[in-house]
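Engineer: Shown below is the structure under consideration.
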Amino acid sequence: MEKNHPEALPRLNELYAGLRPVDDVFAYLGRPLAQRQELAARAQQAWELVSSRQGSGSEAFHWAEQNARSIAQTAKFTVGGAEPGRNEHTLDQVGYRDFHLDVRKAPAAARAWLNVARPTLNVGTQFPEQPRDVAIAKSFDVLIHLHEVREAHRPAP
């Protein structure tokens, strides 16, 4: 950006100011949720700014865009509720709030349901992702369902 689009550098630096430092994720997680959400929105704006510059196709531009994407994608911490028809929505209806299931030993009726591909949100390092069709029984040996997942908090000393 500095070489090919120096005019965008002040705005990019402004957007990145105060974002999560790589070496102290616990300090970042200790910030109030509203502040982290505002920082996540700024990270998204920074990614959009970098991507809009469509560099010369150079390797440096691709690295800059990948870095901006990574920062934006890992700055988000909230996910809405599962929509009807998604695996998570049905799993939320089970009588136990949190549970695990050895999918290989599930009763026949459950296995029939688990063998059908349905939209599933898999939250991992590539988040945010769109739901993808996943047949749980064909993809996993063990299912661990947590009704609610929150960001980590640093334990008190």
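In this note's numbering, the protein residues as written are 15 to 171. Built from N, CA and C at the ideal position, the CB exists for glycine as well. No experiment lies behind these values; they were computed from the predicted model shown.
Return the first residue and the last residue of the beta strand (DSSP E) that arginine 146 is part of.
Structural biologist: 146-148
Engineer: Starting from the N-terminal side, write out each stretch of the beta strand (DSSP E) that is 3 residues or longer and does not extend beyond the stretch 110-139.
Structural biologist: Counting only unbroken stretches of 3 or more residues, the beta strand (DSSP E) elements lying wholly within the stretch 110-139 are 112-116, 132-134, in sequence order.
Engineer: Compare the beta carbon distance of leucine 157 and aspartate 112 with 8 Å and say whether it is the shorter of the two.
Structural biologist: no
Engineer: At the level of alpha carbons, what is the spacing between glycine 32 and isoleucine 85?
Structural biologist: 12 Å
Engineer: Return the first residue and the last residue of the beta strand (DSSP E) that valine 64 is part of.
Structural biologist: Per DSSP, valine 64 belongs to no beta strand (DSSP E); it is in the alpha helix (DSSP H), 47-66.
Engineer: Do alanine 151 and valine 117 come within 8 Å of each other at the CB atom, strictly closer than that value?
Structural biologist: For valine 117 and alanine 151, yes; Cβs fall inside 8 Å.
Engineer: Which residues bound the alpha helix (DSSP H) around histidine 161?
Structural biologist: First-last for histidine 161: undefined, no H or E at that position.
Engineer: Is it buried or exposed for alanine 57, if we count other Cβ within 10 angstroms and need 16 for buried?
Structural biologist: buried
Engineer: Confirm, please, whether the CB-CB distance from alanine 149 to asparagine 129 is below 8 Å.
Structural biologist: yes
Engineer: Give the range of the alpha helix (DSSP H) segment to which histidine 76 is assigned.
Structural biologist: 73-88
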